[in-house]
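Q: Can you read through this structure? Questions will come right after.
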Amino acid sequence: MVTTCVAGLFVGAILAIQINLQLKDFGAQSFLGGLSTSTTIRNLGPVLIAFLLAGRVGAFSSAELGTMAITDQLNAIRCLGLNPLSVIIMPRLVALTISSFLLLVLGLGLTVFGGIIISSVSLKVNPLQFISHIPQFVSGVSIFIGVLKSFLFGIIIGTISCFVGYQTTGGAEEVGKAVRRTAVVTLVSIIVTDFLVSFVVESISQLLMG
Amino acid sequence: MREWNQLEYPALLFCSSFVGFVSSLTRREIRGREIIKQIYECAVMSIPVISFSLGIVSLMSVLEFSWHMRVVLRQDALVPAFSLVLTIREVAPVVTAMLLASRVGASIAAEIGVMKITEQLDQLKLLAVSEVDYLLVPRWLGCLVANVALTLISIGIAGVVTIFIGARWMGYQPGEFYNSLLLFTTGYDLAGALVKSLCFGTLIPFVSAGYGLRCALGSQGVGEAATQAVARSSLLIIIIDLFINSLWWMP
């Protein structure tokens, strides 16, 4: 929670600074608010926050499940005649997906504040000017993309960390490897999903607008 | 003795490794083989993941930017160069460092943590081998070299992908692209990216080693140390990135 909030604020601030640099060349600084908010919500915000969340949540749950797997706790559940998939994995999967999704949306909201704060404090852009350009660029579609990406990233973080942890065999060494594999696989699939969503939405919007 | 907190401890490790490195330079006792092994572990093994990810990321940023520029400026002629500038300044250093933090940082914390709980660190102490010289300096140099090299590689890959997309989908000549790139980027931007990669390459090993050296006993402790190492170093990467941005590119 704290991680996400801090990350959200900082991501918003970083992107505001960078986009300000680029817009300065065109003398189009007044567009800053709309552009940086739009880029953050559509694209980089969900990715960077999901990276942090994957490092934290994903590593934690895959380590926990991996430890349960190698200490035969999952086998003990099987001995009791229960299916570990439904008893252990499903609740975690659902909980991780929902909580990652909510945290990502919260972080996205905070990126806007990060942008506003940094641009009024150090970039000398009036906060009102910043806010007034937001509706011009950020349409419902952009917000929908941001939320859709957050939802997909939530599913990715939950699923991958649960199943990599679940499939751990061997000793303590293997748990470490499982954690690392979770992190790498999650990050790569987040990036690929992000690209696919952007690409599909872009194609659809081009089709619709002709 | 006073407990060091989560930020002071990596800083302490950094200072002592720096002193250790300089003194081993003066004594000419560089453990070259170990350093090369660490560079191999950090850099060469991460190349596939990082080049794949950066390729996709730069593809994506071209697509997104062309959408934005069509809204704002009603044209997207400068888009490939424009998005490459953002990639060089911002995305390539940060994404590379985050991937490296989750790959290398976790393994440094886990490795040192396992060494601690199996009392190998105590044996080093018995042999009067400094853990800073033996463990930290090679990892630091390895991670530093790896991060700088990988950042350069990822900038190169981003450039190639962007030129390809610009030529293939948007119908620009590569030469046109090159001209507009020179218009926007200066050596100063590239130097900024290098400064970022130097800072991140130093930050990752010390934060991770700090968690590894202080991990709690038991395999639970090792897992916790690896998790904390990844989470904390990614967060610190973003925070430090903001500071470098505001110091380097603000007049």
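Line order of the protein sequences matches chains U and S.
Oh and the first sequence: position 111 is 529 in the numbering used here, straight run, nothing missing.
Oh and the second sequence: position 101 is 88 in the numbering used here, straight run, nothing missing.
We put the CB at the ideal spot given by N, CA and C, even for glycine.
Within the same chain, show all residues whose beta-carbon is closer than 6 Å to that of S:VAL124, passing over the 5 residues directly before and after it, in chain order.
A: For this step, residue 124 of chain S is matched to residue 137 along the second sequence. SER4, GLY7 and PHE8.
Q: With a threshold of 8 Å on Cβ separation, who are the neighbours of U:THR587 within its own chain once the five nearest residues in sequence on each side are excluded?
A: In the first sequence, the residue the question calls residue 587 of chain U occupies position 169. These residues qualify, in order along the chain: ALA487 and ILE488.
Q: Here's a check: name, in chain order, each residue in its chain whose Cβ is nearer than 6 Å to the Cβ of S:MET(-12), leaving out the five neighbours to either side.
A: Along the second sequence, read from residue 1 onward, the residue named residue -12 of chain S stands at position 1. Legend: pLDDT at S:MET(-12) = 46, less than 50; position of this residue unreliable, value from coordinates given subsequently. None.
Q: Could you please tell me which residues of the stretch 602 to 623 of chain U, in chain order, have their CB closer than 7 Å to any CB of chain S?
A: Answer in chain order: VAL602, LEU605, VAL606, ILE609, VAL610, ASP612, PHE613, SER616, PHE617 and GLU620.
Q: Between S:GLY146 and chain U, is any beta-carbon pair separated by less than 8 Å?
A: In the second sequence, counting from the first residue as 1, residue 146 of chain S sits at position 159. Judged by the 8 Å Cβ criterion, S:GLY146 is not in contact with chain U.
Q: Output the distance between the C-alpha atoms of U:PRO509 and U:THR577, rounded to the nearest integer angstrom.
A: As a working mapping, residue 509 of chain U is identified with position 91 in the first sequence. As a working mapping, residue 577 of chain U is identified with position 159 in the first sequence. Going from the Cα of U:PRO509 to the Cα of U:THR577 covers about 11 Å.
Q: Report the start-end ranges of each alpha helix (DSSP H) in the stretch 76 to 154 of chain S that is 4 residues or longer and not cut off at the edges.
A: Runs found: 79 to 87, 93 to 104 and 107 to 113.
Q: Use the C-beta contact count for S:ARG14: other C-beta atoms within 10 angstroms, 16 or more gives buried, fewer gives exposed.
A: As a first step, residue 14 of chain S must be located in the second sequence, where it is residue number 27. Counting Cβ neighbours within 10 Å, S:ARG14 comes out exposed, since fewer than 16 surround it.
Q: Interface residues of chain S around U:VAL429 at Cβ under 8 Å?
A: Working through the first sequence from its first residue, we reach residue 429 of chain U at position 11. Those within 8 Å of U:VAL429 in chain S are ILE225.
Q: What are the residues in the stretch 519 to 542 of chain U lying within 7 Å of chain S by C-beta distance?
A: So the close ones are SER540.
Q: For U:ASN493, which residues in chain S fall below 7 Å Cβ to Cβ?
A: On the first sequence, residue 493 of chain U is found 75 positions in, with the first residue counted as 1. Neighbours of U:ASN493 on chain S: none; closest Cβ ~18 Å, over 7 Å.
Q: For U:SER540, which three-state DSSP category applies?
A: As a first step, residue 540 of chain U must be located in the first sequence, where it is residue number 122. The answer is coil: DSSP assigns U:SER540 none of H, G, I, E or B.
Q: Interface residues of chain S around U:ARG510 at Cβ under 8 Å?
A: Position 92 of the first sequence, counting from 1, holds the residue named residue 510 of chain U. Going along chain S, no residue has its Cβ under 8 Å from U:ARG510, so there is no contact; the nearest lies around 16 Å.
Q: Can you give me the Cβ contacts of S:SER45 inside the same chain, cut-off strictly under 6 Å, excluding the 5 residues immediately before and after it?
A: As a working mapping, residue 45 of chain S is identified with position 58 in the second sequence. If we look at S:SER45 and ignore the five residues flanking it on each side, its Cβ neighbours are THR74, ALA145, VAL148 and THR149.
Q: From U:ILE535 to S:ALA115, what distance separates their C-alpha atoms?
A: Taking the first sequence and counting its residues from 1, one reaches residue 535 of chain U at position 117. Taking the second sequence and counting its residues from 1, one reaches residue 115 of chain S at position 128. Their Cα atoms are separated by approximately 52 Å.
Q: Between U:PHE519 and the rest of its own chain, which residues show a CB-CB distance below 6 Å, the 5 nearest in sequence each way excluded?
A: Position 101 of the first sequence, counted from the start, is the residue given in the question as residue 519 of chain U. So the list reads SER568, PHE569 and GLY572, once near-sequence residues are dropped.
Q: Ends of the alpha helix (DSSP H) at U:VAL556?
A: Position 138 of the first sequence, counted from the first residue, corresponds to residue 556 of chain U. Neither: U:VAL556 is in no alpha helix (DSSP H) and is coded neither H nor E.
Q: Indicate whether at least one CB of chain U lies closer than 8 Å to the CB of S:GLN160.
A: Here the question's residue 160 of chain S lines up with position 173 in the second sequence. No, because no Cβ of chain U sits closer than 8 Å to the Cβ of S:GLN160.
Q: Within 10 angstroms of the Cβ of U:PHE548, are there 16 or more other Cβ atoms? Answer buried if so, exposed if not.
A: If you number the first sequence from 1, residue 548 of chain U lands on position 130. Counting Cβ neighbours within 10 Å, U:PHE548 comes out buried, since at least 16 surround it.
Q: Count the other C-beta atoms from every protein chain shown that fall within 10 angstroms of the C-beta of S:GLN25, then say buried if there are 16 or more, exposed otherwise.
A: In the second sequence, counting from the first residue as 1, residue 25 of chain S sits at position 38. Counting Cβ neighbours within 10 Å, S:GLN25 comes out buried, since at least 16 surround it.
Q: Within 10 angstroms of the Cβ of U:CYS580, are there 16 or more other Cβ atoms? Answer buried if so, exposed if not.
A: Counting from 1 along the first sequence, the entry for residue 580 of chain U is found at position 162. Buried, because 16 or more other Cβ atoms sit within 10 Å of the Cβ of U:CYS580.
Q: Counting only C-beta atoms, is S:LEU177 closer than 8 Å to chain U at any point?
A: Translated into positions along the second sequence, residue 177 of chain S becomes position 190. Not an interface residue.
Q: Please compile the residues from chain U whose C-beta is within a distance smaller than 7 Å of the C-beta of S:SER239.
A: The shown model of chain S, from -12 to 238, leaves out residue 239 of chain S, and the question about it has no answer.
Q: So, helix, strand or coil for U:ILE437, using DSSP?
A: The count along the first sequence starts at 1 and reaches residue 437 of chain U at position 19. DSSP places U:ILE437 in helix when its eight states are reduced to three.
Q: Taking Cβ positions only, does U:VAL593 come closer than 8 Å to chain S?
A: Against the first sequence, residue 593 of chain U aligns to sequence position 175. Yes, U:VAL593 counts as interfacial toward chain S.
Q: Grab me the residues of S:LEU234's own chain with a C-beta within less than 6 Å of its C-beta, minus the 5 sequence neighbours each way, in chain order.
A: Here the question's residue 234 of chain S lines up with position 247 in the second sequence. Nothing meets the Cβ criterion.
Q: In whole angstroms, what separates the C-alpha of U:LEU522 from that of U:PRO545?
A: Looking up residue 522 of chain U in the first sequence gives position 104. Looking up residue 545 of chain U in the first sequence gives position 127. If I take the Cα positions, the gap works out to 24 Å.
Q: Applying a beta-carbon distance threshold of less than 7 Å, which residues of chain S neighbour U:LEU439?
A: Walking along the first sequence from the start, residue 439 of chain U turns up at place 21. Going along chain S in sequence order, the residues near U:LEU439 (Cβ under 7 Å) are TRP236.
Q: Which chain S residues sit within Cβ distance under 7 Å of U:SER456?
A: Along the first sequence, one-based indexing puts residue 456 of chain U at 38. Here the neighbours are HIS55.
Q: Is U:ASN544 close to chain S, meaning its C-beta is less than 8 Å from at least one C-beta of that chain?
A: Here residue 544 of chain U corresponds to residue number 126 of the first sequence, with the count starting at 1. With 8 Å as the cut-off, U:ASN544 does not count as an interface residue toward chain S.
Q: For U:ASN461, return the contacting residues in chain S, with the cut-off set at a CB-CB distance below 8 Å.
A: The sequence position of residue 461 of chain U within the first sequence is 43, counting from 1. Those are MET47, SER48 and GLU51, listed as they occur along chain S.
Q: Give me the Cα-Cα distance between U:HIS551 and U:ASP612, rounded to the nearest whole angstrom.
A: Translated into the one-based positions of the first sequence, residue 551 of chain U becomes position 133. Translated into the one-based positions of the first sequence, residue 612 of chain U becomes position 194. Taking the straight line from one Cα to the other gives about 25 Å.
Q: I need the DSSP call for U:ASP490, collapsed to helix, strand or coil.
A: Along the first sequence, one-based indexing puts residue 490 of chain U at 72. Of the three classes helix, strand and coil, the one that applies to U:ASP490 here is coil, per DSSP.
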